[in-house]
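Residues -26 to -1, 1 to 309 in mature numbering (1 follows the signal peptide of the UniProt record, and there is no 0) are what the sequence shown lists, from first letter to last. This report refers to the structure that appears directly beneath it.
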Amino acid sequence: MCMEFIAHIRNTIVVVLFLAITLCYGREPFKPTEGSVPFLVYFASRYRGVCVGTLLSRSLVITAAVCVTNPTTEMHDYRSITIVTGSSYRHPRRGIKVQVSKIVLPRINETYEIGYFVEKSPAFLILYRKVPDILTEIPPRGIKIDYKGEIPLSLHEECLIPGWHFFYKNDKIFSGNKFLLQRNLRAQYVDISKRSVWCETLSLKFQQAIVNLGYTGYFDKNACICVRDTERIAQPCHGMYGAPLICQGKVVGLMMAPDAQWSNCTGFTNMIHSVSAEHLWGFMNCVSRLFDPEFNLSWEDLKNSLNEDMYGNEYDFIPAVYDKVVGSSSTSEEN
């Protein structure tokens, strides 16, 4: 009788583990359903190679300030920037290129604060024009941003980071700026973790870097959000600066500071800077009149749309109509 009871318990545990594995979202970066992330754009940065941006309206993009300016100097590069929108596949012939007409950055008063505030501040790119839906594979849409800090973030809360470069376990590490960028858009679920446990090394690394840039003021740890991959499979890496951290359906932070990340991309933790930090209150309130998100999905709807199986709806895919092999396809006779 005792052996039968133990066997029953063992089978129950196996069933529960199977359901947990099959029903829960995987930690490995996955390719989201085409069109489920219409707010993400990318552009070539003269400072960081490739950077990610997030549409807050049809004509406004938020990204990291380090992507459009240099934290080590007051000199700015005023040459034009072109963002690519309307496609989740990174290729020169895919997507629509839109020129940036104006870059909006926070005003920094003291010279010695430039490096520190540039590395932890966002930049806004005002686009020259809106892109008509008919011209794009994926119609661009804006997403909401929590610049007032209204969303309470709890420990171990699950959030999402989309982008084009994730460093996988056992990937080869190249020296310098030589790194591979995936062409397909990926997304990864990460957990908010305790900063003093999982990101303390990154915090010290960041503090040392900004001291080297000449900053000697107060270091605001509350402006940082520590996230990690609990399965230690992959992490956002080079080419992901400006990528949004999305919690409860809104952007709550950006991957901004290069000096607050693992240089070899093997730590499986990231320091994300909050867009509702105290030093950004005045700046974000000033530009908030430009925010005009057009899609207002709940967090559950957004997660469900990332994993929808669209392959059964063949009418949504042109190749399924025109590239399908049918009988008597080698002849031009009419039946």
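Built from N, CA and C at the ideal position, the CB exists for glycine as well. The structure displayed is predicted, hence computed values, not measured ones.
A straight line joining the alpha-carbon of glycine 191 with that of tyrosine 90 spans about 9 angstroms. Between the beta-carbon of glycine 23 and that of glycine 213 there is about 6 angstroms, and that keeps the pair under the 8 angstroms contact cut. In the structure shown, the three-state DSSP call for lysine 195 is helix. The straight-line gap separating the alpha-carbon atoms of isoleucine 246 and alanine 234 is approximately 8 angstroms. Looking at the backbone, the Cα of proline 66 and that of isoleucine 57 are separated by about 12 angstroms. Per DSSP, the unbroken beta strand (DSSP E) holding asparagine 244 starts and ends at 243 to 248. Within the same chain, Ser279 and Leu280 come within 6 angstroms of serine 10 by CB-CB distance, once the 5 residues on both sides are set aside. According to DSSP, phenylalanine 13 shares a beta bridge with no other residue.
Within 10 angstroms of the beta-carbon of glutamate 93 lie 16 or more other beta-carbons, which makes it buried.
Under the criterion of beta carbons closer than 8 angstroms, lysine 168 and cysteine 200 qualify as touching, at roughly 7 angstroms.
Within 10 angstroms of the beta-carbon of alanine 251 lie 16 or more other beta-carbons, which makes it buried.
By the 16-neighbour rule on beta-carbons within 10 angstroms, alanine 18 is exposed. A distance of 8 angstroms or more separates the beta carbons of serine 33 and isoleucine 112.
Short of 6 angstroms from the beta carbon of leucine 264, and not among the five residues preceding or following it, lie these beta carbons of its own chain, in chain order: Leu34.
Closest option to methionine 258, judged by alpha-carbon separation, among Cys41, Val226, Gln73 and Glu131: Val226. Put simply, the backbone Cα of alanine 197 is about 23 angstroms away from that of isoleucine 77. According to the DSSP assignment, glutamine 181 belongs to no beta strand (DSSP E) but to the alpha helix (DSSP H) extending over 174 to 186. Beta-bridge pairing by DSSP links valine 42 to no other residue. Just so you know, the alpha carbons of glutamate 268 and proline 12 end up roughly 10 angstroms apart. Between the C-alpha atoms of valine 261 and asparagine 144 there is a straight-line separation of about 42 angstroms.
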